Amino acid sequence: MTRLYAVALNTFKETIRDRILGVIVVFALLMIVASLWLGSISLGQEARMMKDLGLVAVSLFGLVVAVFVGASLLHKEIEKRTVFVILSKPVGRAQFIFAKFLGLAVTLACVLAGMGLFLFLADWIVAGSPAPLLLAATALIYLQLLVIVAVTMALSTVTSTILASVLGITVFAAGQLSRSALSLTEFGQSAAMKGLAWVVYVVIPNLNAVDVKPAVVGESSPDWALIAAWAGYLGAYAVLALVLASWLFSRKEF
Amino acid sequence: MLMIADLHKEVRVGFRRRKVEILKGVDLEVFEGDVFGLLGPNGAGKTTTVKTVVGLMRPTSGTVDLGVAGRQQIGYLPENPYFYDYLSGREFLGLCGRLFGQSGGARRGHVEALLADVGLEGAGDLHLRKYSKGMLQRIGIAQALINDPQLVLLDEPMTGLDPVGRLEVKRIIDRLRERGRTVLFNSHILADVAELCTRIAIMADGRVRWQGRVADALAESPEGLDAFFMKVVQR
Numbered sequence: 004m005t006r007l008y009a010v011a012l013n014t015f016k017e018t019i020r021d022r023i024l025g026v027i028v029v030f031a032l033l034m035i036v037a038s039l040w041l042g043s044i045s046l047g048q049e050a051r052m053m054k055d056l057g058l059v060a061v062s063l064f065g066l067v068v069a070v071f072v073g074a075s076l077l078h079k080e081i082e083k084r085t086v087f088v089i090l091s092k093p094v095g096r097a098q099f100i101f102a103k104f105l106g107l108a109v110t111l112a113c114v115l116a117g118m119g120l121f122l123f124l125a126d127w128i129v130a131g132s133p134a135p136l137l138l139a140a141t142a143l144i145y146l147q148l149l150v151i152v153a154v155t156m157a158l159s160t161v162t163s164t165i166l167a168s169v170l171g172i173t174v175f176a177a178g179q180l181s182r183s184a185l186s187l188t189e190f191g192q193s194a195a196m197k198g199l200a201w202v203v204y205v206v207i208p209n210l211n212a213v214d215v216k217p218a219v220v221g222e223s224s225p226d227w228a229l230i231a232a233w234a235g236y237l238g239a240y241a242v243l244a245l246v247l248a249s250w251l252f253s254r255k256e257f
Numbered sequence: 153m154l155m156i157a158d159l160h161k162e163v164r165v166g167f168r169r170r171k172v173e174i175l176k177g178v179d180l181e182v183f184e185g186d187v188f189g190l191l192g193p194n195g196a197g198k199t200t201t202v203k204t205v206v207g208l209m210r211p212t213s214g215t216v217d218l219g220v221a222g223r224q225q226i227g228y229l230p231e232n233p234y235f236y237d238y239l240s241g242r243e244f245l246g247l248c249g250r251l252f253g254q255s256g257g258a259r260r261g262h263v264e265a266l267l268a269d270v271g272l273e274g275a276g277d278l279h280l281r282k283y284s285k286g287m288l289q290r291i292g293i294a295q296a297l298i299n300d301p302q303l304v305l306l307d308e309p310m311t312g313l314d315p316v317g318r319l320e321v322k323r324i325i326d327r328l329r330e331r332g333r334t335v336l337f338n339s340h341i342l343a344d345v346a347e348l349c350t351r352i353a354i355m356a357d358g359r360v361r362w363q364g365r366v367a368d369a370l371a372e373s374p375e376g377l378d379a380f381f382m383k384v385v386q387r
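First to last, the sequence lines map onto chains A and B.
Residue numbering for the first sequence follows the working numbering, starting at 4 and increasing by one per position.
Residue numbering for the second sequence follows the working numbering, starting at 153 and increasing by one per position.
Written as structure tokens, this is what we have:
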């Protein structure tokens with residue numbers, strides 16, 4: 004446990020002390036402020052526009068951190084050969100992967116908590132009443148991004164940083180649409196196409212299942228029991244991706 | 153203590169995954185309390201041998217008996233070390249201590265003692281990115297000693313250091329010998345090897361060509377260790 008904590012703490016320090024993270028957070032806050040202005044010019048839709056655009060900003064900038072930092076975490080260790088120091092000590096490869104993930108998960112939690120609170124307070128000031136659903140939506144975006152970090156880390160053990168980043172973004176985008184893949188099974192006669200649609204639906208994480216943006220802007224009411232079940236599925240998906248990453252990493256030689 | 157028997161290592165390189173045999177049956181024995189020099193020209197397989205011992209590479213065949221209780225009792229300094237440059241020297245040693253399960257006061261005590269041992273007590277709060285090459289080498293040795301290991305493996309500890317830096321590293325190795333630790337180090341600087349080592353092995357082309365006491369090597373070649381080394385490598 005001490006070893007897990009040590010590597011996770013070091014990863015947290017590595018990512019939080021990276022200047023690029025500060026730049027990303029500043030841009031995210033600017034975009035949330037911009038959503039205030041956009042809200043003010045959309046007649047009668049101020050609060051809705053702000054919530055919608057604000058959550059998109061939280062999601063996009065969180066994705067940038069998750070994908071680009073997640074993809075470079077292991078590569079940096081290998082390229083700079085700092086991994087020699089860690090793995091020559093009594094630290095298992097799987098322990099190393101899980102600890103790196105935990106470190107970035109804490110950094111991501113700080114980033115999203117900052118952005119989410121900023122959006123919540125700005126919305127409160129503009130709308131005149133608090134919208135706690137904004138905080139719940141931010142927490143669920145965080146869960147989506149944890150899955151993307153785990154997938155990107157697994158991909159980065161077998162590809163370059165850039166390719167792992169591109170694939171991570173692709174999985175995020177596909178994850179927003181995976182329910183559409185399932186609806187494809189309802190059309191057409193081809194068994195092969197139906198099968199393929201099922202494979203896509205099962206392999207791609209269904210990130211859309213925990214998206215509560217429609218509920219935040221008042222279009223629907225959330226089914227929390229169902230969301231909790233999907234959250235459990237996404238947690239299991241992240242663990243599986245990390246197990247795969249550990250297995251791939253354990254085959255590496257330095 | 154450390155016993156390596158018939159160690160082979162093959163890697164695959166290039167687009168066609170061509171097989172290259174780096175180690176072709178390395179046999180090596182390091183006794184307890186030895187300061188052991190592993191010598192050889194570039195590409196002889198010294199670094200691969202050490203990486204296999206610490207578990208960064210897997211042997212294709214052959215055995216490595218550490219003679220100690222696993223990595224818990226090993227200290228390792230990689231070649232041309234690069235450490236987390238966003239950490240201070242004190243933070244970095246603290247991290248290494250945690251990796252050995254050291255906690256609280258004991259860890260902090262260890263870190264301070266090591267910083268003093270390697271002459272970096274005044275630079276403990278400086279970020280590693282501001283360290284000179286010699287300071288990095290010394291903090292590298294300090295991290296290798298954080299667990300007070302029985303077996304210390306140093307890969308090219310003197311490379312790139314100025315005479316003052318080399319002298320400091322030699323003093324550290326001397327102190328380890330006085331404390332009865334077993335030290336194995338790779339080096340191209342034969343004068344340092346002659347000065348520090350009790351026993352040596354000379355590798356070439358993935359094999360150990362000669363191993364024994366430094367005194368025996370010098371007896372065989374009175375011109376010095378350089379001449380003996382050339383004789384063995386060109387055999």
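C-beta atoms are modelled at their ideal positions from N, C-alpha and C, and glycine is treated no differently.
Given the structure is predicted, the values throughout are model-derived calculations rather than measurements.
Cβ-based burial, R333 of chain B [other Cβ within 10 Å; buried from 16]: buried
Cβ shell of S168 of chain A (< 6 Å), same chain only, five flanking positions each side left out: V70, F71, A74
Reduced DSSP secondary structure (H/G/I, E/B, other) of S193 of chain A: coil
Top-ranked residue by Cα proximity to L90 of chain A, from B:Q224, B:E243, B:Q289: B:Q224
Sub-7 Å separation of A157 of chain A and L247 of chain A beta-carbons: yes
Residues from the region 79-104 of chain A in contact with chain B, defined by Cβ distance under 8 Å: K83, R84, T85, F87, V88, I89, L90, S91, K92, P93, V94
Sequence ranges, alpha helix (DSSP H) only - wholly within the region 200-286 of chain B, length at least 4: 241-251, 256-269
D237 of chain B to G317 of chain B span [Cα, whole Å]: 20 Å
Min CB distance M209 of chain B to chain A below 7 Å: yes
Neighbour list for L328 of chain B in chain A, Cβ cutoff strictly below 8 Å: In chain order: nothing, as chain A lies at least about 17 Å away.
Alpha helix (DSSP H) segments (min. 4 residues) lying fully within the region 281-348 of chain B: 285-296, 315-330, 342-348
One or two residues paired with V172 of chain B in a DSSP bridge: B:V163
CA-to-CA distance, H160 of chain B to F337 of chain B, given in whole angstroms: 20 Å
Nearest neighbour of A218 of chain A, chosen from A:T141, A:G95, A:G131 [CA to CA]: A:T141
Residues near Y204 of chain A by beta carbon distance below 6 Å, same chain, minus five either side: S181, A184, L185
Under 9 Å (Cβ pairs) to chain B, residues found in the region 8-20 of chain A: Y8, A9, V10, L12, N13, K16, E17, R20
Every unbroken alpha helix (DSSP H) within the region 77-160 of chain A, with a cutoff of 4 residues, ordered by chain: 85-90, 96-130, 136-159
Distance, K282 of chain B Cα to G241 of chain B Cα: 10 Å
Cβ-based contacts, 7 Å cut-off: residues of the region 24-58 of chain A near chain B: none
Range covered by the beta strand (DSSP E) that runs through G189 of chain B: 187-191
Chain-ordered neighbours of L247 of chain B on chain A, where CB pairs are closer than 7 Å: A9, N13
Inter-stretch contact at 8 Å, needing at least 3 Cβ pairs: the region 341-350 of chain B / the region 312-327 of chain B: yes
V10 of chain A, buried or exposed, once every other Cβ within 10 Å from all chains shown has been counted against 16: buried
is_contact[F252 of chain A, chain B] using C-beta, thresh 7 Å: no
Counted within 10 angstroms of its Cβ, other Cβ atoms place G256 of chain B as buried (16 or more) or exposed: exposed
Backbone secondary structure at R351 of chain B - three-state DSSP: strand
Interface flag, P230 of chain B vs chain A, CB-CB below 7 Å: yes
Test: F257 of chain A CB closer than 7 Å to a CB of chain B: yes
DSSP-derived helix/strand/coil call for D214 of chain A: coil
Where R223 of chain B meets chain A, residues with beta-carbon distance less than 7 Å: S91, K92, P93
Chain-ordered chain A contacts of S240 of chain B [CB-CB under 7 Å]: Result: empty, since nearest Cβ-Cβ is about 11 Å, beyond 7 Å.
is_contact[R333 of chain B, chain A] using C-beta, thresh 7 Å: no
7 Å Cβ cutoff, R22 of chain A in contact with chain B: no
Burial state of T215 of chain B, where buried means 16 or more other Cβ atoms lie within 10 Å: exposed
Chain B contact for R182 of chain A (CB, 7 Å cutoff): no
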